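Let me begin by presenting the structure, written as structure tokens, before commenting on it.
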Amino acid sequence: MDLRKIDDNTWEIPAQGEMRVPAVIYSSARLLTDIRRDQTLAQARNVACLPGIERASFVMPDAHQGYGFPIGGVAAFGLDEGIISPGGVGYDINCGVRLLRTDFTETDVVPRSRELLAEIFQEVPAGVGKGGVTKLSRAVLREILTRGAEWAVESGYGRKEDLERTEERGRMTEASPEDVSGRAMERGIPQLGTLGSGNHFLEIQKVHEIYDGAAARTFGLERPGQVLVMIHCGSRGLGHQVATDFIETMEDAFGVAGLPDRELVHAPFKSAEGQRYYRAMCAAVNYAFANRQMIAHWVRDVFARVFGSAKGMDQIYDVCHNVAKVEEHDVGGRSKRLVVHRKGATRSFGPGRPEVPGVYRSTGQPVLIPGSMGTASFLLAGTKEAEALSFGSTAHGAGRVMSRHEALRRFRGEKIRDDLARKGIELKSTSMKGVAEEAAGAYKDVDEVVRVSNEVGLGRVVAKLVPLGVMKG
Amino acid sequence: MERYRILPHTADGKFQAFGQTLEEAFGNAALALASLMWDWTAITPKVRHFVRVTGVDREQLLVKFLGEVVYLFETRQFLLGAAAELRIRPLAEGLDLEAVLAGETLAPGHELFGDVKAVTYHDLKIEECDGFTVQVVVDM
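Which chain is which? The protein sequence lines are V and A, in order. Once you know that position 378 of the first sequence is 633 in the numbering used here, the rest is easy, because the numbers rise by one and skip nothing. Once you know that position 36 of the second sequence is 190 in the numbering used here, the rest is easy, because the numbers rise by one and skip nothing.
Right, here's the structure in full:
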């Protein structure tokens, strides 16, 4: 494949053959070695062939092979001439991250981290096949799909201020439960308010290092040792079913002839099928916002029980990692509305964008990048440059380099737990096999991913966070 | 004869399933999928679910059939132990599949060790050569 080096962290596959635009890869030489090992670049090239794509098919530093679109891929399409694709969003719609600050310090939490984690483990359902605590009616589920985190706050889960500090204020207004199948609803009903399994986790973290004091203060971080809570999960079976349903709908309506990969199936954005998928996807996004809102509420409850108060446990932000959104971007010197697909990528809007909450508008939005289980996570600030570089997007995590199968062969869950314990990190999980699959060694180096992101200007690194306790589904 | 083989894949679950007939290969694919989440060999056929799906082609039929296993697990807590009476027939347009899925309802004592989110078309292959081989990647 013709891959040209633009600079140390930027590579390009020039538009050739059926590509309408080039593919642009933001990666260091080191990360590129991993990226080249699987189908990531071929997938980025396939995306560049889709109708209505603008500027380029972008690949973030943590990219790896996905279905159809690569994970860590960003692509934007014109609303009139472009498409929308479930494969460009992913199966776990609005898989995302929420970060809470606290007034507690490491000294408060470490002596009680075991108790704290055990309590959270009791309170937040997690693991394969684990249902939620509430049995929902379809009517309530429809309300959740329509109103997202807003529903959760009104129902007593969390605070109104949390909404201000959630992407889309916790609700995509285009959502329509009418476009969500009965099957998706059936899968969603028992799973609301659950963490799930796989790479989903909940961590008690501390600030390890602050790189940008002013931005950190704006986000609510004061000093190293300060305790935070990170929640990583998505729309569970409901979102997975929405994706499955609309892949089939689009196959039936538009066929798959000529597609290099059936997972690239798409519909014109303005077609009936495209619009129905968009509205159903927004509904799944809302479900995930409500899900994280409920979990955050339970975490505050546990802190209040253990420490007598959840004071200072304000939400820093909540971001989507798998989503398609209509946004305005500059294309050839003119502002144009585009449907931006971010699959395993985080929005990284800089200062001034109206989508960024008022409190952060002069800093840029908080960008939350979780590392693999038991390693570091990062808090970044969105940048103005990212808008020009990647439609305002950056990486979303470490990105896998090893199959679950291989990880199981190489790692033992119990050993990982014991190694973490020696470093003072408490780990609780429903499955030791699951722990082995998520071993840090199966992932790219998140420090390097964030370094590239920072150097390129996709996101400005603000602080490094390390875990004190990990709960894995 | 080997029923299926689990293959390495960066992010997810990938397997090949084999059969003398397409039906047998599909049935073994259902067991391969189950093997990513629970030990189907330890499941006895106490509960039965009749399933019927249609597909525009064999690939879609397989994705939808395997989707039933995921759906029944998440909504009925059903653990598949055997796929029986599989029958695939042509329709005027596309194909029709019927099967009886037998197994147990999730209870304390069952160990679950993976969560299949969705069945994908990525690298999906259905090959006929001395019987049938189907290859599937699932999102985990």
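All C-beta atoms, glycine included, are put in the ideal place defined by N, C-alpha and C. Here the structure is a predicted model, which is why all the values come from computation and not from measurement.
Simplified DSSP state of residue i, which is helix, strand or coil
i	result
Pro316 of chain V	strand
Tyr698 of chain V	strand
Gly513 of chain V	coil
Val435 of chain V	coil
Ile502 of chain V	helix
Pro523 of chain V	strand
Ser590 of chain V	strand
Thr601 of chain V	strand
Tyr533 of chain V	helix
Gly425 of chain V	helix
Pro612 of chain V	coil
Ile197 of chain A	coil
Glu267 of chain V	strand
Asp257 of chain V	coil
Lys271 of chain A	coil
Ile444 of chain V	helix
Ile375 of chain V	helix
Thr175 of chain A	coil
Val383 of chain V	coil
Thr360 of chain V	strand
Glu693 of chain V	coil
Lys688 of chain V	helix
Asp262 of chain V	strand
Val344 of chain V	coil
His596 of chain V	strand
Closer than 7 Å: residue i CB and nearest the ligand NAD heavy atom
i	result
Glu710 of chain V	The ligand NAD is not among the ligands present in this structure, which contains no ligands whatsoever.
Cutoff 8 Å: residue i Cβ touching any chain V Cβ
i	result
Asp193 of chain A	no
Ile280 of chain A	no
Glu258 of chain A	no
Gln231 of chain A	yes
Lys200 of chain A	no
His276 of chain A	yes
Ala272 of chain A	yes
Gly173 of chain A	no
Val210 of chain A	yes
His203 of chain A	no
Ile160 of chain A	yes
Leu266 of chain A	yes
Gln349 of chain A	The first residue shown for chain A is 155 and the last is 294, placing residue 349 of chain A beyond what the model contains.
Glu228 of chain A	yes
Gly235 of chain A	no
Gln214 of chain A	yes
Asp250 of chain A	no
Chain A contact for residue i (CB, 8 Å cutoff)
i	result
Val383 of chain V	yes
Lys598 of chain V	no
Arg291 of chain V	no
Tyr346 of chain V	yes
Asp700 of chain V	no
Ala498 of chain V	yes
Lys566 of chain V	no
Gly668 of chain V	no
Glu518 of chain V	yes
Gly689 of chain V	yes
Tyr412 of chain V	no
Tyr542 of chain V	no
Asp317 of chain V	no
Tyr322 of chain V	yes
One or two residues paired with residue i in a DSSP bridge
i	result
Cys488 of chain V	V:Gly351
Asp250 of chain A	A:Thr208 and A:Arg243
Gln460 of chain V	V:Leu483 and V:Pro722
Leu234 of chain A	A:Gly257
Gln170 of chain A	A:Arg159 and A:Gln289
Val622 of chain V	V:Leu635
Cβ separation of residue i and residue j, assumed to be a contact under 8 Å, to the nearest whole Å
i	j	result
Phe232 of chain A	Phe180 of chain A	Actually they are not in contact, since the Cβ atoms of Phe232 of chain A and Phe180 of chain A sit about 18 Å apart, beyond 8 Å.
Thr401 of chain V	Pro432 of chain V	6 Å
Val302 of chain V	Tyr281 of chain V	About 15 Å separates the two Cβ atoms, so there is no contact after all.
Glu398 of chain V	Arg426 of chain V	Between Arg426 of chain V and Glu398 of chain V the Cβ distance is about 11 Å, and since that is not below 8 Å, they are no contact.
Ile459 of chain V	Val482 of chain V	7 Å
Val383 of chain V	His487 of chain V	That belief does not hold up - the Cβ atoms of Val383 of chain V and His487 of chain V are roughly 16 Å apart, past 8 Å.
Gln170 of chain A	Leu161 of chain A	6 Å
Tyr542 of chain V	Ser490 of chain V	5 Å
Proximal residues of chain B, C-beta to C-beta of residue i below 7 Å
i	result
Met294 of chain A	Protein chains in the displayed structure are V and A, and chain B is not among them.
Runs of 3 residues minimum, wholly inside the segment 548-588 of chain V: which ones carry the beta strand (DSSP E) assignment? Counting whole runs of 3 or more residues, the segment 548-588 of chain V contains the beta strand (DSSP E) stretches 570-575 and 577-586.
3 or more residues per run - each beta strand (DSSP E) lying fully within the segment 278-338 of chain V: If only uninterrupted beta strand (DSSP E) runs of at least 3 residues are considered, those enclosed by the segment 278-338 of chain V are 278-281, 312-319 and 326-333.
If you scan the segment 631-675 of chain V from start to end, which runs of the beta strand (DSSP E) of 3 or more residues do you find wholly inside it? Within the segment 631-675 of chain V, complete beta strand (DSSP E) segments of at least 3 residues are found at 632-637, given in chain order.
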